Amino acid sequence: MMAVPLNWYLILSAVVFSIGIFGFLTRKNIIIMFLSIELMLNGVNISLIAFSHYLQDLRGQVFVFFIIAVAAAEAAIGLAIIMALFRNKSTAHVDEMSEMKG
Amino acid sequence: MLPRLFFGYFAAAITLISILVVTRRNPVHSVIWMLLLFFHIAGMYLFLDAEFIAAIQVIVYAGAVLVLFLFVVLLLNLREELRTERFIGSWPAGVFIAAALFAGIAAALRSFVLGPAGIYTIDFIRKATDTKALGQVLFTEYLLPFEVVSLVLLVAVIGAIVLAKKGVRG
Chain E
28 MMAVPLNWYL ILSAVVFSIG IFGFLTRKNI IIMFLSIELM LNGVNISLIA
78 FSHYLQDLRG QVFVFFIIAV AAAEAAIGLA IIMALFRNKS TAHVDEMSEM
128 KG
Chain L
574 MLPRLFFGYF AAAITLISIL VVTRRNPVHS VIWMLLLFFH IAGMYLFLDA
624 EFIAAIQVIV YAGAVLVLFL FVVLLLNLRE ELRTERFIGS WPAGVFIAAA
674 LFAGIAAALR SFVLGPAGIY TIDFIRKATD TKALGQVLFT EYLLPFEVVS
724 LVLLVAVIGA IVLAKKGVRG
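Protein chains in written order, with our numbering: chain E, 28 to 129; chain L, 574 to 743.
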């Protein structure tokens with residue numbers, strides 16, 4: 028039985044995080060930018076769970092627990108902000124939101 | 574060999590679905606692919622002996638956060654999205670930054686050394702069950718952060734109501 032090395036999980040986590048960075052930097056739609064942030068958080072979660080398993084320590088899982096709670100709060104606030112923005116601007120494209128007021 | 578095959582399937586699926594999530598034109602499709610991605614990540618957590626976190630991943634992320642996303646996507650009228658350009662004009666810069674970040678992390682991993690192992694071995698967790706062991710750590714060592722997180726969630730609930738309420742002017 029050949030076990031999976033820890034580095035494979037860390038590489039996978041880096042791949043997911045990089046794809047999230049790419050989506051956040053290049054997409055115009057604000058909802059998909061938010062999905063990219065969730066993608067980055069999940070990439071970090073994968074590495075924390077893998078560390079927890081390979082270091083035989085539950086603190087990694089505790090951190091993931093907190094990250095998921097904060098991500099839920101962030102999604103609720105962020106989507107409320109998107110709703111308020113859409114009511115003012117009638118668009119979900121970030122490059123059309125170029126004013127601070129009005 | 575079997576664990577590696579298992580990991581290979583999950584890693585390939587997670588990478589492919591992540592790319593699909595950030596490149597789909599229709600936001601509804603992105604959210605649905607994200608749902609599939611979260612199920613795959615939960616499967617990977619089960620593989621790493623984190624049953625409680627896998628359940629939380631499905632219940633909180635797939636069940637609550639993504640349904641919230643889907644509601645907002647359907648509330649906003651995004652018909653124009655299907656016609657306009659998906660990416661910003663300078664998207665190669667985004668590809669370059671993401672690739673450079675990945676190369677940096679991969680180079681740093683080469684000199685990575687694992688620290689000393691803790692007391693929560695697989696046998697210990699299997700005997701005490703994952704949820705019970707996690708709860709004992711959470712409610713003793715991390716009691717204050719736990720309370721702070723409950724405060725963060727309260728602020729999020731109040732903030733979301735205030736922000737999304739109609740006719741509220743600063």
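Cβ coordinates follow ideal geometry from the N, Cα and C atoms, glycine included. Just so it is clear, the structure is predicted and the values come from calculations on it, not from any experiment.
Interface partners of residue i on chain E, CB under 9 Å
i                      : result
alanine 584 of chain L : Trp35, Tyr36, Ile38, Leu39 and Val42
leucine 641 of chain L : Ala99, Ala102, Ala103 and Leu106
valine 631 of chain L  : Under the 9 Å cutoff, chain E gives no residues; its nearest Cβ is about 11 Å from valine 631 of chain L.
Any C-beta of chain L under 8 Å from that of residue i
i                        : result
isoleucine 64 of chain E : no
methionine 67 of chain E : no
Below-8 Å beta-carbon distance, residue i vs any chain E residue
i                            : result
isoleucine 605 of chain L    : no
valine 686 of chain L        : no
glycine 732 of chain L       : yes
leucine 647 of chain L       : no
leucine 608 of chain L       : no
arginine 699 of chain L      : no
alanine 615 of chain L       : no
phenylalanine 580 of chain L : yes
alanine 690 of chain L       : yes
phenylalanine 675 of chain L : yes
leucine 736 of chain L       : yes
valine 638 of chain L        : yes
Range of the contiguous alpha helix (DSSP H) that encloses residue i
i                            : result
lysine 55 of chain E         : Run containing lysine 55 of chain E: none; DSSP gives neither H nor E here.
asparagine 599 of chain L    : Asparagine 599 of chain L -> no alpha helix (DSSP H), and no H or E assigned at all.
glutamate 624 of chain L     : 624-629
alanine 666 of chain L       : 664-682
phenylalanine 660 of chain L : Taken as a continuous stretch (DSSP letters only), phenylalanine 660 of chain L belongs to no alpha helix (DSSP H), as it is neither H nor E.
phenylalanine 712 of chain L : 703-713
proline 718 of chain L       : 716-737
glutamine 88 of chain E      : 86-116
valine 640 of chain L        : 639-648
Neighbour list for residue i in chain L, Cβ cutoff strictly below 9 Å
i                         : result
lysine 55 of chain E      : Glu654, Thr657, Glu658, Arg659, Phe660 and Ile661
methionine 125 of chain E : Note that residue 125 of chain E is serine in the sequence shown here, rather than methionine. None at all; the shortest Cβ gap to chain L is about 13 Å.
Contact set between residue i and chain L, taken where Cβ atoms lie within less than 7 Å
i                    : result
valine 71 of chain E : Those do not exist, as valine 71 of chain E stays about 11 Å from chain L at its closest Cβ, beyond 7 Å.
Residues that residue i contacts on chain E, provided the C-beta gap is smaller than 7 Å
i                      : result
glycine 667 of chain L : Phe49, Leu52 and Thr53
alanine 635 of chain L : Near alanine 635 of chain L there are no residues of chain E at all, since even the closest Cβ is about 11 Å away, more than 7 Å.
Contact belief for residue i with residue j at Cβ below 8 Å, rounded distance in angstroms
i                      : j                           : result
alanine 637 of chain L : alanine 99 of chain E       : 6 Å
valine 668 of chain L  : phenylalanine 49 of chain E : 6 Å
Residues that residue i contacts on chain E, provided the C-beta gap is smaller than 8 Å
i                        : result
leucine 707 of chain L   : Leu85, Gln88, Val89 and Phe92
threonine 713 of chain L : Correct list: empty, because the minimum Cβ distance to chain E is about 11 Å.
alanine 797 of chain L   : Since the displayed chain L opens at 574 and closes at 743, residue 797 of chain L lies outside it and no answer follows.
alanine 623 of chain L   : Ile76, Ser79, His80, Gln88 and Val91
leucine 726 of chain L   : Ala96, Ala99 and Ala100
alanine 729 of chain L   : Ala99, Ala100, Glu101, Ala103 and Ile104
Under 8 Å by beta carbon: chain A residues contacting residue i
i                        : result
threonine 702 of chain L : No chain A is part of this structure, whose protein chains are labelled E and L.
The region 599-613 of chain L in contact with the region 641-650 of chain L per 3-pair CB rule at 8 Å:
yes
Assess, as a yes-or-no matter, whether the region 69-82 of chain E is touched by the region 611-623 of chain L under the definition of 3 or more beta carbon pairs within less than 8 Å.
yes
Validate contact between the region 80-87 of chain E and the region 677-691 of chain L using beta carbons, cut 8 Å, 3 pairs:
yes
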